[in-house]
Structure formats: structure tokens, C-alpha cells
Amino acid sequence: MSAAHPTVRYCYAIARPFPEEVLRGLAGVRDAELRPVREGDLVAVTSPVPAADFDESALRRNLEDLDWLAGVARAHSAVVDAVAERAATLPLRLATVYLDEDRVRAVLRGGRARFAAALDRITGRVEWGVKVSTLPADRGGRPRADRSGTGHADASGRSGRSYLRRRMAERNARETGWRRAAEAADRIDRELSELAEDRRQYRPQSTRLTGSRGENVLNVAYLVAEERSAAFVDRFAALRDAADGYQVELTGPWAPYSFAEQTEDTDDAGRAGQAGAEPVTANGSPHGEVS
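By UniProt numbering, the letter at position 232 of the sequence shown is numbered 232, and the numbering carries on one by one without gaps.
See the structure below:
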């Protein structure tokens, strides 16, 4: 981009050195060319983005634009996932940008010990996500409304009483379904945690975000050694097959978004802007906000 259209450096992740062909044919945010910035044994994966789109005021506007946000999140995740397949990778927050490559190198130098420790912690490990939710109404989550009492109330008020009984039955069924799912969630979490090195619990996701008609009860990310992933998936499958009156979902394996501790430079000098949002959240996780 020309001097008339200044750019900043968008940072996707910090990783151990990896073959540069990993980035070949892969585009970054706004289809920008990806560029690794190396400092010693650390590599920041970056691309140029228009400064005008990533300053503080622009980010506030853009975060309200779901199309813009979705495009950035997809590109961010694609880059992180590609690099994570070949090297230990710390995903950075969505929309982490610095003024230039010199600033990126300074961040790598200043945080070398912290980044190295975090990379050591996640090397050879992946993230799995598990959700437990209630069943939607048409799968047994609560009784269907009895249409027989929807007409005008007669003089005896039978329709009114039927309506109240129906609403009470629906409420009781919802509460029963929630308790059943919550009890199952505790058991599932305990069993899966036995195969994980760490876990991170997130707030239950709303149906508006997930598109699911069941209510989310448990939303957890697990850090699992690669050699134990098959056992983790098998354990999940057994728990899913035993599900009765609730539903369970497994996602992954992901780069360890939830377990890349705060890796950005704590000194804001040279930082052009930063933000976090769905579907990649503030810490990069695809699961939501930490509870």
C-alpha cells in the first residue's frame, strides 16, 4: 500500500520457527500477503492492513459490522490453524496490530522468556471443546403445547385453566431438563478432565450465537496431549452415546487458543489497536468468554 494509504502490522500468532511454505497460497485479513517476522527462535505471523481500519475509533465502528468481523475472524483462524499444524503456536487476540515490523520485533525481544514458556506448555498439545445443552422442545426437551385449549375461554373458564396447567407443565419440564443436563455436565466434565492437562470453563453461549434451540449448560475447553487425543475422543463418544434427555457436542482439535496466556506486550507504545469478538473471542478462543 502506498504512503497515501499507510498500513500497520496485523499479528495473528507467535510460533516456533516453521517452513515458510506453510504460508504459501494462504491469504491474511483483506487478502493481504502474510509475512513472518523472526526474532531469534520466535516468529510472529503478520500481514499489512490499512491503518484507517484498525485505529481505536475505526475498530469501534467495525466491531458493529458483523460482515467485517466475520471476515477478519475467518482469516485470523485460517492463518493460526495452518501454522499450528506445523509448529507450536500461540494465537494472538483478534485484531492485534502494531505500527511496524520493528515494533513487532521489539515485542518478541521483550517477551521472549514469557513466550518461550507458553510455547513449551502447549507444544504437542491440542484444544478440544465440549458443550452440554438441554434438548429442544421437538426432541423431548419440554412438552408441546396442547392446541386443544387455544380457543376463546367459555363461561366456565376451562380454557383459562387449561392454559395455566399447560404453562406450568412446560415450566416444570424446562426445569427438569436443565437439572438433568446440569447433573450430566458435572459428570462429563469430571471424566474428560481425567484425560486433560488443563481445562478452561466459559460462560454458556446464548442460543442467538450458537443457533441451537437447546440451552447451553456447560461450555469447556480442554488442553489434551496429542497422544491422548484418541482416548479423549473415545471417552467423549461413550458419554455422548449414554446421553439421555440432554445433548453433547465436541469440537476440535484446535490450536490451544484458550491456553495461550496473555501474550501481547503489556506496554502499549507502538500498538495501533486491539479488539476481540465472536466467533474468535478476546483471547482467540472459539468458545466464548471465560466464566
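From the three backbone atoms N, C-alpha and C, an ideal C-beta is built for every residue, glycine too.
Model, not experiment: these values are computed from the prediction.
Asked                                                                                                                                                                      : Found
Using a Cβ-Cβ cut-off of 7 Å (strictly less than) and excluding sequence neighbours within five positions of Arg112, which residues of its own chain qualify?              : Gly40, Leu42
When burial is assigned at 16 or more other CB atoms within 10 Å of the CB, is Gly25 buried or exposed?                                                                    : exposed
Is it right to say Glu215 is buried, meaning 16 or more other beta carbons lie within 10 angstroms of its own, or is it exposed?                                           : buried
With a threshold of 16 other CB atoms inside 10 Å of the CB of Pro17, please say whether the residue is buried or exposed.                                                 : exposed
Which residue comes first and which comes last in the beta strand (DSSP E) that contains Asp198?                                                                           : 198-201
Give the secondary structure of Arg16 by DSSP, where H, G and I count as helix, E and B as strand, and everything else as coil.                                            : coil
Measuring alpha carbon to alpha carbon, tell me which residue in Ala185, Val126, Tyr246 is nearest Glu197.                                                                 : Val126
Roughly how many angstroms lie between the CA atoms of Leu135 and Ala243, to the nearest whole one?                                                                        : 11 Å
If you drop the 5 nearest sequence neighbours on each side, which residues of the same chain put their C-beta closer than 6 Å to that of Phe236?                           : Leu250
Looking only at its chain, what residues have a beta carbon closer than 6 Å to the beta carbon of Trp254, apart from the 5 residues adjacent to it on each side?           : Glu127
With DSSP run on the structure shown, which of helix, strand or coil describes Glu101?                                                                                     : helix
Who are the near neighbours of Ala182 in its chain, counting only those whose CB is closer than 6 Å to its CB and skipping five residues on each side?                     : Val217
Of all the options Arg161, Ser133, Ile188, Arg190, which has the alpha carbon lying nearest to the alpha carbon of Thr176?                                                 : Ser133
Roughly how many whole angstroms lie between the Cα atoms of Pro48 and Leu92?                                                                                              : 16 Å
Given Thr150, which residues of its chain have a CB within under 6 Å of its CB, disregarding the five upstream and five downstream residues?                               : Residue confidence for Thr150 is low, a pLDDT of 46 falling below 50, so the modelled location carries little weight; the figure read from the coordinates is stated next. Nothing listed; no residue qualifies.
For the beta strand (DSSP E) that Val126 lies in, which residues bound it at each end?                                                                                     : 125-134
So Ala32 and Thr89 are in contact, right, with Cβ under 8 Å, and what is the actual spacing, rounded?                                                                      : So it is not a contact: roughly 19 Å between Cβ atoms.
Could you tell me if Gly28 is buried or exposed, where buried requires 16 or more neighbouring beta carbons within 10 angstroms of its beta carbon?                        : buried
For the beta strand (DSSP E) that contains Leu59, what are its first and last residues?                                                                                    : Not the beta strand (DSSP E): Leu59 falls in the alpha helix (DSSP H), residues 56-62.
With a 10 Å radius around its C-beta and 16 neighbouring C-beta atoms as the bar for buried, classify Arg9 as buried or exposed.                                           : buried
When burial is assigned at 16 or more other CB atoms within 10 Å of the CB, is Leu164 buried or exposed?                                                                   : exposed
For Ala78, which residues from the same chain have a beta carbon less than 8 Å from its beta carbon, with the 5 sequence-adjacent residues on both sides left out?         : Leu26
Is Ser206 helix, strand or coil by DSSP?                                                                                                                                   : coil
Does the beta-carbon distance from Ile188 to Val107 come in below 8 Å?                                                                                                     : no
Opposite Tyr246 in the DSSP bridges: which residues?                                                                                                                       : Thr134
Does Asp241 get closer than 8 Å to chain D when you measure Cβ to Cβ?                                                                                                      : Looking for chain D here will not work: only one protein chain is present.
Excluding the 5 residues preceding and the 5 following Val104 in the sequence, name in chain order all residues of the same chain whose CB lies nearer than 7 Å to its CB. : Arg9, Cys11, Val37, Ala44, Thr46, Tyr98
Among Leu63, Asp241, Tyr257, which residue has its Cα nearest to the Cα of Val224?                                                                                         : Tyr257
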